[in-house]
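Every position in the sequence shown, counted from 1, becomes a number in this note's numbering once 458 is added. The block underneath contains the structure these notes are about, expressed in C-alpha cells.
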Amino acid sequence: MTEKLGITRAPGRPPARTDLGPSSGGTELPAVRPCGGCPRVRAAHNVLAMPRWLASTSRRRSLVWPAVGLVFGGMSLVETAIDTVYDYGMVTALPGVAVGLLLALCPREPAAAAVLGSLTVLANYALGTPGPGGAQLIGMGILVGHAAAVLAARRGAVVALISTLVVLVSGFAYIPSPWEGFFYLLVTAAAWGVGTLVRQMQDRSRELQVLATKLAAQQEAVAASAVVAERSRIAREVHDSVAHSVSVMVLQMGGLRRLLPDKPDAQEVLLGLERLGREAVDEMRRVVGILREGAGGEAVADPAPQPSLSRLDAALDELRVGGLQIELHVTGEPVELPPLVDVSAVRVVQEALSNVLRHAGGAATTVELAYAPDRVTVTVTDDGRRRLPPVDRSAETAPGGHGQLHMRERVSVAGGALEVGPVRSGGYRVRASFPVHAPVPPARTEPAGMA
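Shown next as C-alpha cells:
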C-alpha cells in the first residue's frame with residue numbers, strides 16, 4: 459500500500475531502526491526508499507539520508523567517524539609541517555590533532571566533543587601559535603553542527619552558546635584582530651545553523667514516515683471494510699432474491715403436482731424438482747452463512763430495477779399461484795417514498811412471506827400496508843394453520859437463520875423500527891415502520907427479485 463504514497467519498502471530488507479542519536483528516542487520506523495518514478499522524492503530522500511548515515515552508530519558504520527578524525531588530524535599535521543618554515547614549531551599541530559580525536563569520538567558524546575572542539579581555538583593562542591588552521595576550523599564546525607543535528611533543540615542551543623562563549627573569551631583574551639574573532643564566531647554560528655536545519659529535516663522525515671505508515675494501515679482497513687461490506691451485500695441478495703425465488707418455484711411445483719393426481723409420471727418428475735429445489739435452498743442458506751462470517755456494512759451495487767410497494771400486489775400473485783392464501787389491505791393515501799425505504803419495505807414483506815412458506819406450511823396470511831403523513835408501516839400476519847408441506851423441511855429443526863438479521867439490518871439502515879413475534883391467535887407477525895420524510899442514506903440499487 460505504501461507504493462501509492464510514493465514510498466516503497468526496499469526489496470529484501472526487513473523494517474529497520476532509524477537511529478538518529480540521543481534525540482531520536484529509539485523510534486522504530488520501516489525501512490523505505492523513494493519510488494523510481496519520483497525524482498524529487500528521491501532527491502529529497504538522499505539529502506535526508508546522508509545526515510542519518512553520518513549520525514549512525516551502527517556496527518557497520520563504526521569506522522566512519524574515526525576515519526574522518528584521522529583525515530582531519532593528518533591535514534593538521536600537513537599544515538604544521540608547512541608552518542614550521544615560519545618557526546612556529548610542531549606544537550601548532552596539537553589543537554588540530556585534538557580536533558581529529560574529537561571527531562572520532564563525537565558520535566558517543568556529541569555535546570562534549572563540540573565544547574572541547576571550541577576550546578581548541580583557545581588552546582591555539584594559549585600555546586603561542588598564530589591561530590587555528592583551516593582543517594581545525596572545518597573540524598570544529600563539523601563538531602558543532604553534528605551536536606546541533608543529533609541533540610534535542612534545547613541541548614543543541616546550549617552547546618552552541620557554550621561554544622560561542624569559548625570563542626568570545628578566546629577573542630577578547632588572545633586574538634589580536636576583532637575581525638578574526640568575528641570570523642571564528644561566524645564559523646560557529648553557521649555550523650550550528652546547518653546542524654539545526656538538518657535536525658529539523660530529520661524530524662520532518664520521521665513524521666512523514668510515521669504518517670505514511672498510518673495512511674497505509676488506514677488504506678488497508680478501508681479495503682478490508684469494503685470487502686466485508688460487499689460480502690454482506692451479496693449475502694443479502696442471495697438470501698432475499700435468489701433463495702426467495704427458488705422457494706416460490708418449489709411452492710408452485712408443489713401446487714402443480716396436486717393439480718395432476720391422475721398423472722403419476724408427472725408427479726414423480728415434479729416431486730424430484732421439489733426435492734432439488736429444497737436442496738438448493740439449503741445450499742444457499744449455507745453459502746449465506748459463509749458470506750455472513752465477519753461481514754457488516756453497506757455497499758453500492760450496480761444499477762438495476764428496484765422492487766417497489768407500488769408493485770406489491772403483482773408480486774404477491776406469484777405466491778398465490780403456488781397455493782399460498784394472501785390478502786393485501788392498503789390504508790391511507792400512497793405517497794412517493796425514498797428509494798431505500800421503498801426497497802426495504804418490500805424486502806421485509808418478501809422475507810416474512812418466505813418464512814410463512816418455510817415454517818408455517820402456507821398458512822393464510824394478511825399483508826397490511828398503512829400510509830400515514832410521516833410514516834409507512836407494513837405488517838405481515840399469518841394464522842398459524844398449516845395448509846401445505848413446508849418448502850424447507852430442515853427449517854423445522856435447524857437453528858435460527860439469517861432472515862431476521864437481514865430484516866433488522868435493512869430496517870435499521872432505512873431509519874425504521876422492526877417488531878417480530880407470535881400473536882395470541884397462534885400465528886406470527888412481522889411489522890416494520892419506516893419514516894417517510896426523514897433523511898436517509900443514499901439508496902443502493904437492488905436486483906428485481908419481486909418486481
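All residues carry an ideal CB built from backbone N, CA and C; glycine is no exception. Note that this is a predicted model, so its numbers are computed, not measured.
Option in the options with minimal Cα separation from residue i
i              : options                        : result
alanine 923    : Leu734, Pro722, Val825, Glu732 : Outside the modelled stretch of the chain, which goes from 459 to 909, sits residue 923, for which no answer is possible.
glutamate 867  : Ala569, Leu731, Ala822, Arg691 : Arg691
arginine 715   : Gly730, Val704, Ser705, Ser703 : Gly730
aspartate 800  : Glu688, Leu563, Leu827         : Leu827
methionine 865 : Glu809, Asp840, Thr823         : Glu809
arginine 778   : Arg833, Met707, Pro765         : Met707
proline 565    : Ile596, Leu585, Val608         : Val608
glycine 599    : Ala584, Gly558, Leu585, Ala581 : Gly558
alanine 606    : Ala569, Arg736, Asp775         : Ala569
alanine 693    : Gln667, Met742, Pro722         : Met742
glycine 592    : Asp775, Val685, Phe641         : Phe641
valine 978     : Leu798, Arg689, Gly735         : Since the displayed the chain opens at 459 and closes at 909, residue 978 lies outside it and no answer follows.
glycine 735    : Gly712, Pro722, Asp723, Pro792 : Gly712
threonine 823  : Val834, Ile784, Leu798, Arg657 : Ile784
leucine 798    : Val834, His817, Asp775         : Val834
Cβ separation of residue i and residue j, assumed to be a contact under 8 Å, to the nearest whole Å
i           : j                 : result
glycine 874 : phenylalanine 892 : 4 Å
serine 576  : threonine 646     : 7 Å
leucine 815 : leucine 782       : 7 Å
glycine 790 : alanine 821       : With a Cβ gap of about 26 Å, glycine 790 and alanine 821 do not count as contacting.
leucine 436 : leucine 585       : It is not possible to answer for residue 436, since the shown part of the chain is limited to 459 through 909.
valine 869  : leucine 863       : Going by Cβ atoms, the distance from valine 869 to leucine 863 rounds to 11 Å, so no, they are not a contact pair.
Residue i burial status per 10 Å Cβ neighbour count (16 or more: buried)
i             : result
arginine 733  : exposed
serine 910    : Here the chain comprises residues numbered 459 to 909, so residue 910 is not present and cannot be evaluated.
proline 497   : Reliability of the predicted coordinates at proline 497 is poor, the pLDDT of 49 falling under 50, and no value is obtained from them.
leucine 669   : exposed
proline 765   : buried
leucine 595   : buried
alanine 890   : buried
leucine 644   : exposed
alanine 872   : buried
valine 806    : buried
glycine 554   : buried
alanine 450   : There is simply no residue 450 to check, as the chain begins at 459 and stops at 909 in what is shown.
serine 663    : buried
glutamine 660 : buried
Collapsed DSSP secondary structure at residue i in the structure displayed
i             : result
arginine 833  : strand
histidine 604 : helix
aspartate 800 : helix
histidine 895 : coil
arginine 715  : helix
proline 553   : helix
alanine 681   : helix
aspartate 720 : coil
valine 881    : coil
alanine 872   : coil
glutamate 794 : coil
glutamate 756 : Its pLDDT being 42, under 50, glutamate 756 is placed unreliably by the model, and the measurement read from it follows with that caveat. Correct three-state label for glutamate 756: coil.
aspartate 841 : coil
leucine 643   : helix
alanine 821   : coil
arginine 887  : strand
alanine 649   : helix
glutamate 567 : coil
leucine 487   : Reliability fails at leucine 487, whose pLDDT of 40 lies under 50, so the model's placement of it is uncertain and the value that follows must be treated cautiously. Residue state, collapsed to three classes: coil.
alanine 610   : coil
Contact under 8 Å by Cβ, residue i with residue j
i             : j              : result
valine 881    : arginine 887   : yes
valine 838    : alanine 803    : no
alanine 649   : glycine 603    : yes
valine 739    : serine 768     : no
leucine 770   : leucine 786    : yes
glutamine 710 : leucine 718    : no
valine 652    : isoleucine 620 : no
aspartate 841 : glycine 885    : yes
threonine 578 : alanine 556    : yes
Distance cut-off 7 Å: residue i Cβ against heavy atoms of the ligand FAD
i          : result
valine 645 : Annotation note on the ligand FAD: not contained in the displayed structure, which lists no ligands.
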